[in-house]
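Here the sequence shown is numbered in this note's numbering, starting from 13 and rising by one per residue. Quick reminder that beta carbons are idealized off the backbone N, C-alpha and C, glycines included. Below is one structure, written out as structure tokens; the observations come after it.
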Amino acid sequence: MAVLGIRLYGDPVLTRKTRPVLLPSERELVGELVRNLFAAMEAFGGVGLAANQAGVPLRVAVIRIPPKEGPGVQLVLVNPEIISGEGSQTGEEGCLSFPGLFLKIKRFNKVKVRSFNERGLPVEINADGFLARALQHEIDHLDGKVFTQRLSLLARLRLKPRLARLKKEWLR
Ligand SMILES: [Zn+2]
Numbered sequence: 013m014a015v016l017g018i019r020l021y022g023d024p025v026l027t028r029k030t031r032p033v034l035l036p037s038e039r040e041l042v043g044e045l046v047r048n049l050f051a052a053m054e055a056f057g058g059v060g061l062a063a064n065q066a067g068v069p070l071r072v073a074v075i076r077i078p079p080k081e082g083p084g085v086q087l088v089l090v091n092p093e094i095i096s097g098e099g100s101q102t103g104e105e106g107c108l109s110f111p112g113l114f115l116k117i118k119r120f121n122k123v124k125v126r127s128f129n130e131r132g133l134p135v136e137i138n139a140d141g142f143l144a145r146a147l148q149h150e151i152d153h154l155d156g157k158v159f160t161q162r163l164s165l166l167a168r169l170r171l172k173p174r175l176a177r178l179k180k181e182w183l184r
């Protein structure tokens, strides 16, 4: 199986809202996409990957958190939505679409997510801490939002020159 490439910041697929998967008619397509997303995520060493980061504009994402970050969890998200969030946490995040960039981002501490799994069955996920952060990061991707957009306006302005330098490195 060929490993999908990861789209980097600047690629328009990252800033467009993805299309929901039609269930059950597109369920089989999801199975293959999910296997490819897990393979790409492993190859590039991330804990989450949204389909549009692999160039596929569908509302699908995967998360795999190794045991050292908590209890260890693997999730397939098909058409996920955050239905509620509470509290706040600020912590460092990275993103496979921004290699080498780590930013302190404020997120809800707890979220409730309604989604479908890879078999097309509805699931509800209640998460806090690191998993809640990963869910918010990936669902943002599916909404066409990247993590730099979660910074304050001032922090974004400050980041601009560094981001421009990083972009040049990625193109090399
Ligand atoms: Zn990301």
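Rounded to whole angstroms, what's the CA-CA distance from residue i to residue j? Just pull it up for me.
| i | j | result |
| --- | --- | --- |
| Asn64 | Val25 | 6 angstroms |
| Leu34 | Asn91 | 9 angstroms |
| Asp152 | Pro78 | 22 angstroms |
| Leu171 | Cys107 | 15 angstroms |
| Arg145 | Val68 | 23 angstroms |
| Asn48 | Pro173 | 34 angstroms |
Can you check whether the CB of residue j is closer than 8 angstroms to the CB of residue i?
| i | j | result |
| --- | --- | --- |
| Leu133 | Ile75 | no |
| Lys80 | Gly97 | no |
| Glu93 | Val125 | yes |
| Glu150 | Ala62 | yes |
| Leu20 | Ala66 | no |
| Leu113 | Leu178 | yes |
| Ile18 | Ala52 | yes |
| Ser109 | Val72 | no |
Kindly indicate which residue of the options has the alpha-carbon position closest to the one of residue i.
| i | options | result |
| --- | --- | --- |
| Pro44 | Arg131, Leu169, Leu143 and Lys180 | The sequence shown places Glu at residue 44, rather than the Pro named in the question. Residue Arg131 is the option with its Cα nearest to Glu44. |
| Gly99 | Val85, Lys118, Leu113 and Ile137 | Lys118 |
| Gly60 | Arg39, Val85, Pro32 and Pro36 | Val85 |
| Ala139 | Arg71, Ile95 and Phe56 | Ile95 |
| Gly141 | Ser127, Gln101 and Arg174 | Gln101 |
| Val88 | Phe128, Leu169, Asp23 and Pro32 | Phe128 |
**Request:** Please list the segments of the beta strand (DSSP E) lying wholly inside the stretch 35 to 72, counting only runs of 3 or more residues, in order along the chain.
**Result:** Listed in chain order, they are 60 to 62.
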